[in-house]
Structures are given as structure tokens and as C-alpha cells.
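Student: Here it is, the structure in full.
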Amino acid sequence: MMNAGPMTLERLDSLLAAYGADEAGWPAGERQAAHELIAASDEARRLLEEARELDALLNAAPVEKPSAELVERLMAARPRELPRELTGARRASGGMRKKGGSLRGFAAALWPYGSSAFPAGALAASLVLGIALGTSTGISPIATNNGVAITATETADSTDDQLIAIALADSGYIEEWTQ
Amino acid sequence: MDGIPDDELVAAVAKGDEDACRELMKRHLGRVVALARRMLGNQDDAEEIAQEVFLRVWKHAEKWEPGRAQFSTWLHRVGTNLCLDRLRKQGMDDLDAIPEPASEDPTPYEAMAQKDVARRVEAALQQLPPRQRLAITLSHYQGLTNIEAAQVMDVTVEAVESLLGRARRALKAALATEKDELLRKMNTGA
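Sequences listed follow chains A and B, in order.
For the first sequence, our numbering gives the first residue as -11, with consecutive numbering after it.
For the second sequence, our numbering gives the first residue as 4, with consecutive numbering after it.
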């Protein structure tokens, strides 16, 4: 398909039909010859104009920007830094800020790949389970059980998107990202 | 962070750097959403695909090998594979076949009756076979070179050029009836 010889109208037609009128998209090795033909031929200029019109039509279909919700979901699921006091690791990149306090850092150490709310939610759920078991044996008061249950439910709601995101990240593409 | 190469940003992402994550999304998230939107035809599906792509970036960032591949090309390849998987799950097993219009969607001719130029073009794009739609998306809309598009599609440069030629000729035919009207509307902003 590539043409190392002189540019013909037929080849220019194929080139414009494939890549459009923007010469930035033309194969580098054929740009100069295409320019020369367009400068010398009325028919070549007509073909170029047709390609420009189709380009203009295609550009009339814009796409929307990513939603703020998508950005925030992804930020919530981003990797978290292991705290220096637990890993002994030194930051290699200059100017990269370290965020979060010691409590957040400890939570990140327990759960480095998701929101630090995840271990908190898991802990709350464990408490609910433990209290529910305790209640069944008559050890824990019901009022305490209800109070913790509400807390756990709210935590589960707030981390729902993040848990879905983590689950999605675990599906497939383990060995080769692109397969 | 403007001057920091993608490879360095990915390394910082692996270390949990919040600013690097935001910068990487600022540079590439919109393009991944755009790729998926062109391929799948709706914004919700496009954002789902983009989310899956970036979750893979977060997950595998520490394994990224600088210089092995251009990060943006790799992103396009992952996004492309996810889009093609989604189309196959929707019953589009033959990626060279012309899609059946969804019952709620207008055919190109019905779409022609609509006043919105963008919707007419979008409808024509969605009527292309997926591989042709992918070629025109990568080359025209995403601005990839023919070599980059060939890498993303895992085909030869000649195959990309052939797909592009068929795609643009089909689009030209689909939009020919009212081309002049569309161009006039675009020029006047009507």
C-alpha cells in the first residue's frame, strides 16, 4: 500500500480517503510528493477539498468530557502510599507530596490498594458480626447492637463504589495488561 | 507537573502519589473516554470502560517498564480491547460486520431527518463495522499515526490504511445526501 514512487492522483485519492486532509496524518514518506501534486493539479486540489469537507463533518460530532463523578471514583480507588515508618522506604521522586496523617497512614498500611475506609468498614462489619453472635448468646445489649449496626451500614454505603472498583480491578488482565 | 514524562508519573502513581494520579487522569482520561464513546456510542458505557482502564493502571503501575511502550499507546490498546470485548458480549462477534441498529436507535436515514448534525454523524459512525469504526476513531479522532494505530489494533499499517479507506468512503456515502446542508449549518452555526 505504501508507495515509494512518484505521487499519482490515484495514490493521492487513496491517501486522502484513508487519512483525510490533515497532512499531519499522512505517512511521512509521502507528504512531500503529495504537496507537489496538489500544487500542480486542479484535480488533486478538488480531492483535497472533498477530504476537508468530510473531516469537517466528522468533527461535528464532539464527545463529552469525563464526569466529575468518574474522576472522584478513580481517585478513591487509587493506590495508597505505604507509610515511611512501617516500610522504611524513602521517597524517590522530588516534589511529590505526602498526604494524610498517621491514622490514615496506618490504615493505608493495612489496606494499601484501596480507600482507607475499607479496613474501617471491615472492622465495623466484624464488630457487627461479633456483637450479633454475642447477642445470640445473651451477652451484648440490643441497644449497643443497633448502634453499631447503623454505623456499619453507613460505612458500607459510603465505600460501595470503592469496593466495586476494587473488584473490577481484580478481574482479568493479571499477567498481561493488554490481553 | 506539566513537564514530567508519563513514565515518571506512572512510577509516582505506584507509590501512591495523589498529584501524579490526578495529572495522569488530566492527560489521558478524556482521551480514553472519547475512544470508548466513539466505539460504544454512549457516555455511560464509555465511562465504565475508562474506569476499568484506569483501575488497571492503578493496579499495575508498579510493574510498568519505562521505555517498553508509549504509555498513551498502551492505554489505547487496553481501552480498545475492553471496547471490543464489550461489543462481543453484546453479540457483535463479527467485528467486520455492519451492526444491526438497536431498536431505539435511529438508522442513519432516520437520523438524517433529525436536525442535530452531531447526531447524524454519530449515527453514521455507529453504523460502521467495529474494526472500521476503530480505525477512524484512532486515526481521525484520537490523532494516532498509522503506525500507532496498527500497534493498537495489532494489524499491519497497510491493513489500517485499508480499514480507514473503507470507513471514510462509507461515512462519505452515509452523509452525502445532506452534506451541503450539514456544512451550511456548521458554517452558519444554525
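All residues carry an ideal CB built from backbone N, CA and C; glycine is no exception.
Anything in the stretch 8 to 40 of chain B with a Cβ closer than 8 Å to a Cβ of chain A? List those residues in chain order, please.
Tutor: Residues passing the 8 Å Cβ filter: Glu11, Ala14, Ala15, Val16, Ala17, Lys18, Gly19, Asp20, Glu21, Asp22, Ala23, Cys24, Arg25, Met28, Leu32, Gly33, Val36, Ala37 and Arg40.
Student: Would Leu4 of chain A and Leu35 of chain A be called neighbours here (beta carbons separated by less than 7 Å)?
Tutor: Yes, the pair counts as a contact, with Cβ atoms nearer than the cut-off.
Student: Under the three-state reduction of DSSP, which class applies to Ala48 of chain A: helix, strand or coil?
Tutor: Note: Ala48 of chain A maps to coil in three-state DSSP.
Student: Report the rounded CA-to-CA distance for Arg224 of chain B versus Gln135 of chain B, giving the unit in angstroms.
Tutor: Not covered by the structure: residue 224 of chain B. The range shown for chain B is 4 to 193.
Student: Given this structure, state the Cα-to-Cα distance separating Glu24 of chain A from Gln145 of chain B, to the nearest angstrom.
Tutor: C-alpha separation (whole angstroms): 28 Å.
Student: Can you tell which of B:Asp99, B:Thr83, B:Glu11 and B:Ala17 has its C-alpha closest to the C-alpha of Arg34 of chain B?
Tutor: It is B:Thr83 whose Cα lies nearest to the Cα of Arg34 of chain B.
Student: May I ask you to report which of helix, strand or coil DSSP gives Pro133 of chain B?
Tutor: Pro133 of chain B: helix per DSSP, three-state reduction.
Student: What would DSSP say about Ser29 of chain A, mapped onto helix, strand or coil?
Tutor: Reduced to three states, the DSSP call for Ser29 of chain A is coil.
Student: Go ahead and pull the three-state DSSP assignment for Leu186 of chain B.
Tutor: Three-state DSSP puts Leu186 of chain B in a helix.
Student: Between Glu3 of chain B and chain A, is there a C-beta pair that is closer than 7 Å?
Tutor: Residue 3 of chain B is absent from the model: chain B starts at 4 and stops at 193.
Student: Give the straight-line distance between the Cα atoms of Thr180 of chain B and Arg171 of chain B, rounded to the nearest whole angstrom.
Tutor: Approximately 15 Å, taken between the alpha carbons.
Student: Give a yes or no on whether the C-beta atoms belonging to Ala48 of chain A and Ala9 of chain A are separated by under 7 Å.
Tutor: Contact flag unset, no.
Student: Strictly under 7 Å for the Cβ-Cβ distance: is Lys92 of chain B near chain A by that measure?
Tutor: False, the Cβ-Cβ gap to chain A never drops below 7 Å.
Student: Could you spell out where the alpha helix (DSSP H) holding Leu147 of chain B opens and where it closes?
Tutor: Unbroken run through Leu147 of chain B: none, as it is neither H nor E.
Student: Starting from Leu85 of chain B, trace the alpha helix (DSSP H) in both directions and tell me its first and last residue.
Tutor: Phe74 to Lys92 is the extent of the alpha helix (DSSP H) around Leu85 of chain B.
Student: Please tell me whether Val158 of chain B has its Cβ less than 7 Å away from any Cβ of chain C.
Tutor: Absent here is chain C; the protein component of the structure consists of chains A and B.
Student: Select from B:Ala153, B:Trp61, B:Leu32 and B:Asp88 the residue whose C-alpha is nearest the C-alpha of Leu43 of chain B.
Tutor: Comparing Cα-Cα distances from Leu43 of chain B to each of B:Ala153, B:Trp61, B:Leu32 and B:Asp88, the minimum goes to B:Asp88.
Student: What are the residues in the stretch 58 to 69 of chain A lying within 9 Å of chain B by C-beta distance?
Tutor: Answer set for the stretch 58 to 69 of chain A: Leu58, Val59, Arg61, Leu62, Met63, Ala65, Arg66, Pro67, Arg68 and Glu69.
Student: State the DSSP-derived secondary structure class of Glu128 of chain B, mapped to helix, strand or coil.
Tutor: In the sequence as displayed, the identity of residue 128 of chain B is Leu instead of Glu. Three-state result, Leu128 of chain B: helix.
Student: Quick check on Leu46 of chain A - is its C-beta less than 7 Å from some C-beta in chain B?
Tutor: By this cut-off, Leu46 of chain A is an interface position.
Student: Could you check where the alpha helix (DSSP H) with Asp99 of chain B kicks off and where it finishes?
Tutor: From DSSP, Asp99 of chain B is part of no alpha helix (DSSP H); its letter is neither H nor E.
Student: Per DSSP, what kind of secondary structure is Arg66 of chain A in: helix, strand or coil?
Tutor: Arg66 of chain A: coil per DSSP, three-state reduction.
Student: How about Glu37 of chain A: is its C-beta nearer than 7 Å to some C-beta of chain B?
Tutor: So, not an interface residue.
Student: Where does Ser165 of chain B sit, in a helix, a strand or coil, going by DSSP?
Tutor: It is helical.
Student: Say whether chain A places a C-beta atom closer than 7 Å to the C-beta of Glu184 of chain B.
Tutor: Judged by the 7 Å Cβ criterion, Glu184 of chain B is not in contact with chain A.
Student: Can you find the residues in the same chain that come closer than 6 Å, C-beta to C-beta, to Leu185 of chain B, ignoring five residues on each side of it along the sequence?
Tutor: Hits under 6 Å: Val120.
Student: Can you tell me whether DSSP reads Asp10 of chain A as helix, strand or coil?
Tutor: Asp10 of chain A falls in the coil class under three-state DSSP.
Student: Assuming Ala6 of chain A contacts Gly168 of chain B under a Cβ cut-off of 8 Å, what Cβ separation, rounded to an integer in Å, is found between them?
Tutor: The pair is a contact, with the Cβ atoms about 5 Å apart (cut-off 8 Å).
Student: One question on the structure: do Leu58 of chain A and Glu31 of chain A come within less than 7 Å of each other, judged by their Cβ atoms?
Tutor: No, they are not a contact pair.
Student: On the DSSP letters alone, give me the boundaries of the alpha helix (DSSP H) that Trp230 of chain B sits inside.
Tutor: Chain B is shown from 4 up to 193; residue 230 of chain B falls before or after that span and cannot be answered.
Student: Excluding sequence positions up to five away, which residues of its chain have a Cβ less than 6 Å from the Cβ of Ser90 of chain A?
Tutor: Confidence in Ser90 of chain A is poor, its pLDDT being 42 and thus under 50, which makes the residue's placement unreliable; the coordinate value appears in the next sentence. Hits under 6 Å: none found.
Student: Looking only at its chain, what residues have a beta carbon closer than 8 Å to the beta carbon of Ala53 of chain B, apart from the 5 residues adjacent to it on each side?
Tutor: These residues qualify, in order along the chain: Leu32, Val35, Val36, Ala39 and Gly82.
Student: I'd like the list of long-range same chain contacts for His79 of chain B, defined as Cβ closer than 6 Å, with 5 residues on each side in sequence excluded.
Tutor: Val155, listed in sequence order.
Student: At 9 Å on the CB atoms, spell out the chain A contacts of Leu174 of chain B, in chain order.
Tutor: Ordered by position in chain A, the residues that pass the 9 Å Cβ test against Leu174 of chain B are Leu42, Leu45 and Leu46.
Student: Spatial neighbours of Leu0 of chain A within its chain, please: CB distance less than 7 Å, with the 5 preceding and 5 following residues excluded, ordered by chain position.
Tutor: Once the five neighbours on either side are set aside, the close Cβ partners of Leu0 of chain A are Ala22, Leu25, Ala32 and Leu35.
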